[in-house]
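K.L.:
Have a look at the structure that comes next, please.
Protein chains: 2
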Amino acid sequence: MDYPVFAVTVDLVVLTVRDGGLHVLLVRRGLEPHLDRWALPGGFVHADEELAAAARRELAEETGLAEPGGHLEQLASYGAPDRDPRGRVVTIAYLALVPDLPIPTAGTDAAEAEWRPVGALGLAFDHDRILADGVERARSKLEYTPLAAAFCPPEFTIAALRQVYEAVWGESLDPRNFHRKATTTPGFVSPTGGTTEGEPGRPAQLFRRGDATLLNPPILRRAHGA
Amino acid sequence: MDYPVFAVTVDLVVLTVRDGGLHVLLVRRGLEPHLDRWALPGGFVHADEELAAAARRELAEETGLAEPGGHLEQLASYGAPDRDPRGRVVTIAYLALVPDLPIPTAGTDAAEAEWRPVGALGLAFDHDRILADGVERARSKLEYTPLAAAFCPPEFTIAALRQVYEAVWGESLDPRNFHRKATTTPGFVSPTGGTTEGEPGRPAQLFRRGDATLLNPPILRRAHGA
DNA sequence: CAAATAGTGTCTCTGAGACAATATTTG
DNA sequence: CAAATATTGTCTCAGAGACACTATTTG
């Protein structure tokens with residue numbers, strides 16, 4: 001049995017919501033190829049390592065984020081023969097949704113790391129495409145899963161949750177209808193009993209994630225084209 | 001730069017609807033490991049080949065199905081360190097939805113190929129898991145895309161389309177409500193002008209796929225648990 | 001005509017969205 | 001009290017599902 005040889009990497013689309021917009025974590029490359037260009041964090045999978053474990057390791061290693069109550073899932077794989085000048089490299093992309101965190105620390109093979117608003121960013125390799133796929137996955141997952149809460153700290157208000165939807169979808173939602181929908185969809189959120197303090201306006205109840213894995217009924221965007 | 005070496009394969013979850021049920025295409029392995037066991041069709045990606053091209057090649061090669069108007073999309077990747085006794089092998093699984101076709105021909109490295117109703121099948125490698133993921137993907141894609149038509153021949157009746165939904169979801173649908181929904185959802189199907197002949201009962205209009213890529217409104221299953 | 005299947009009409013209920021109204025804070 | 005934000009209530013409309021009814025074929 002003989003067959004071609006590949007390298008396998010994981011790349012991470014790490015998304016958060018800050019300043020009312022969706023941001024992605026980028027690193028400036030400290031090595032060739034694409035030295036000094038911005039890219040998604042990632043790296044080679046070790047010889048005896050699970051793919052998901054490699055993704056978690058890179059997240060911690062390269063960014064200093066140690067599984068902060070967010071969400072990590074496999075996104076897709078990319079393996080065009082010419083996508084990496086070093087040779088035949090297939091990458092398994094993972095999508096992470098995390099709360100807004102202190103600016104991450106640069107790690108081993110990244111010169112710098114920073115949050116950047118999502119968009120056409122001119123990234124290294126095929127990372128613009130991977131990012132676009134990750135953003136679209138996140139947008140659609142907010143519809144039918146409770147994952148919006150992965151962008152929030154452990155306790156959050158309904159307004160904060162709504163702002164996540166608004167930032168990720170790029171559209172504004174009626175606070176009153178959203179409140180009813182979030183609080184009546186079974187298993188989406190559960191009240192902690194606490195409230196906010198010191199903010200202007202009526203204090204808001206605090207909630208934590210509910211136990212549903214699927215929202216029923218879902219929370220749908222306005223018709224979004226193909 | 002040094003890094004571990006991997007082999008990369010593609011595996012195919014090829015689904016069709018026949019005899020009122022969802023079936024998957026399996027091959028009996030003609031080589032070690034798992035000689036003579038049933039498995040998903042698949043094989044090594046060539047040295048200079050796109051992943052999707054490898055999936056199409058395997059589909060044609062191993063099964064004799066030459067892109068018959070169905071649908072092919074990437075499903076997910078599987079790379080547990082011990083999933084293949086030959087060494088470190090990562091597989092990129094693809095999902096194909098095809099019309100019911102004449103029994104496929106056995107190909108180069110498969111001793112036999114056959115359609116089997118989906119379920120717990122005791123397949124080689126981690127293929128039971130891959131199959132389960134593929135079936136779940138197909139079930140959920142019928143909700144918000146027009147992909148049910150990928151299981152049908154180029155021209156089909158609304159009843160045939162409904163039977164696809166019933167087979168894939170394993171539940172029965174009201175023919176009258178389904179008819180209205182399929183014909184009024186924009187871009188789902190478009191009438192060819194033709195009708196069936198020689199069948200008992202009133203002749204049915206024939207339709208082909210519409211041009212929508214997303215169904216709006218979607219066609220939802222009854223609440224399906226997590 | 002009887003059986004079979006296609007297709008339409010109608011009613012009811014649920015949930016989405018618009019938006020008025022009320023509640024409870026800070027300054 | 002004014003401003004700000006949270007939360008509840010009400011109305012209307014679209015779409016899902018139940019199901020009666022009509023249409024058009026084969027045998």
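Residue numbers (UniProt numbering), protein chains in the order written: chain A, 1 to 226; chain B, 1 to 226. The beta-carbon is built from N, C-alpha and C at its ideal position, and this holds for glycine as well.
1. With 16 other CB atoms within 10 Å as the buried threshold, where does Ser190 (chain B) fall?
2. In three-state terms, what does DSSP make of Ala80 (chain B)?
3. Measure how close the beta-carbons of Val14 (chain A) and Val45 (chain A) come, nearest whole angstrom, since I'm counting them as under 8 Å.
4. Show which residues of chain B have a CB atom less than 9 Å away from the CB atom of Pro4 (chain A).
5. Shorter than 8 Å from the beta carbon of Pro81 (chain B) to some beta carbon of chain A?
6. Could you work out which residues of chain B lie near Ile92 (chain A), taking near to mean beta carbons separated by less than 8 Å?
7. Please state the DSSP three-state secondary structure of Ser190 (chain A).
8. Can you tell me whether Val164 (chain B) is helix, strand or coil according to DSSP?
9. Against chain B, does Ala60 (chain A) count as a neighbour if the rule is that its beta carbon must be under 8 Å from one of theirs?
10. Taking 8 Å as the CB-CB limit, is Ala148 (chain B) close to chain A?
11. Could you check how far apart the C-beta atoms of Tyr165 (chain B) and Ala148 (chain B) are, in whole angstroms? I think they sit under 8 Å.
12. Are the Cβ atoms of Leu22 (chain B) and Val98 (chain B) separated by less than 8 Å?
13. Are three or more beta carbon pairs between the region 150-159 of chain A and the region 198-215 of chain A nearer than 8 Å?
14. So, are the CB atoms of His34 (chain B) and Ala124 (chain B) less than 8 Å apart?
15. Could you name the residues of chain B that Ala138 (chain A) contacts, counting a contact when the two beta carbons are closer than 9 Å?
16. Is there a Cβ from chain B that is less than 8 Å from the Cβ of Asn177 (chain A)?
17. Is Ala223 (chain A) close to chain B, meaning its C-beta is less than 8 Å from at least one C-beta of that chain?
18. Return the first residue and the last residue of the beta strand (DSSP E) that Asp48 (chain A) is part of.
19. Would you say Ala167 (chain A) and Gly69 (chain A) are within 8 Å of each other, going by their C-beta atoms?
20. Work out the CA separation of Trp38 (chain A) and Trp115 (chain A) for me, nearest whole Å.
21. Starting from the beta carbon of Gln74 (chain B), find every residue of chain A whose beta carbon is closer than 8 Å, and list them in chain order.
22. Taking its Cβ as the centre, do 16 or more other Cβ atoms sit within 10 Å of Gly194 (chain B), making it buried, or is it exposed?
23. Taking only runs that begin and end inside the region 87-156 of chain B, name each unbroken beta strand (DSSP E) of 3 or more residues, in chain order.
24. Mapping the DSSP letters down to three states, classify Arg221 (chain B) as helix, strand or coil.
25. Would you call Pro217 (chain A) buried or exposed, if buried means 16 or more other Cβ atoms sit within 10 Å of its Cβ?
26. DSSP state of Arg176 (chain B), grouped into three classes?
27. Identify every residue that forms a DSSP beta bridge with Ala7 (chain A).
28. What does a CB cutoff of less than 8 Å around Gln163 (chain A) pick up in its chain, not counting 5 residues either side in sequence?
29. Which whole-angstrom value is the C-beta distance of Val10 (chain A) and Tyr94 (chain A), which I expect to be below 8 Å?
P.N.:
Put simply:
1. Exposed, by the Cβ-count rule.
2. In the structure shown, the three-state DSSP call for Ala80 (chain B) is coil.
3. Rounded, the Cβ-Cβ distance is 18 Å, inconsistent with contact.
4. Neighbours of Pro4 (chain A) on chain B, chain order: Ala7, Val8, Phe44, Val45, His46, Ala47, Asp48 and Glu49.
5. The C-beta of Pro81 (chain B) comes closer than 8 Å to at least one C-beta of chain A.
6. Correct list: Ser77, Gly79 and Val90.
7. Looking at Ser190 (chain A) - three-state DSSP - the assignment turns out to be strand.
8. In this structure, Val164 (chain B) counts as helix in the three-state DSSP scheme.
9. With 8 Å as the cut-off, Ala60 (chain A) does not count as an interface residue toward chain B.
10. Not one chain A Cβ lies under 8 Å of Ala148 (chain B).
11. By a beta-carbon distance limit of 8 Å, Tyr165 (chain B) contacts Ala148 (chain B). Their separation comes to about 6 Å.
12. With contacts defined by Cβ atoms closer than 8 Å, Leu22 (chain B) and Val98 (chain B) do not form a contacting pair.
13. In the pairwise beta carbon analysis, the region 150-159 of chain A is classified as touching the region 198-215 of chain A: at least three pairs are separated by under 8 Å.
14. Between His34 (chain B) and Ala124 (chain B), the gap from beta carbon to beta carbon is short of 8 Å.
15. Simply none; closest approach about 16 Å.
16. It does not: the Cβ of Asn177 (chain A) has no partner Cβ on chain B nearer than 8 Å.
17. Cβ-Cβ to chain B under 8 Å: yes for Ala223 (chain A).
18. No residue range can be given for Asp48 (chain A), since it is assigned to no beta strand (DSSP E) and is classified by DSSP as neither H nor E.
19. At least 8 Å separates the beta-carbon of Ala167 (chain A) from that of Gly69 (chain A).
20. Roughly 11 Å separates the two Cα atoms.
21. Neighbours of Gln74 (chain B) on chain A, chain order: Ala76 and Ser77.
22. Per the 10 Å Cβ criterion, exposed.
23. Along the region 87-156 of chain B, the beta strand (DSSP E) occurs as fully enclosed runs of 3 or more residues at 89-97 and 110-117, listed in sequence order.
24. Coil.
25. Answer is exposed; the Cβ neighbour count stays below 16.
26. The answer is helix: DSSP assigns Arg176 (chain B) an H, G or I state.
27. The partner list for Ala7 (chain A) (beta bridge, DSSP) reads A:Val89.
28. Once the five neighbours on either side are set aside, the close Cβ partners of Gln163 (chain A) are Val17 and Gly20.
29. The pair is a contact, with the Cβ atoms about 6 Å apart (cut-off 8 Å).
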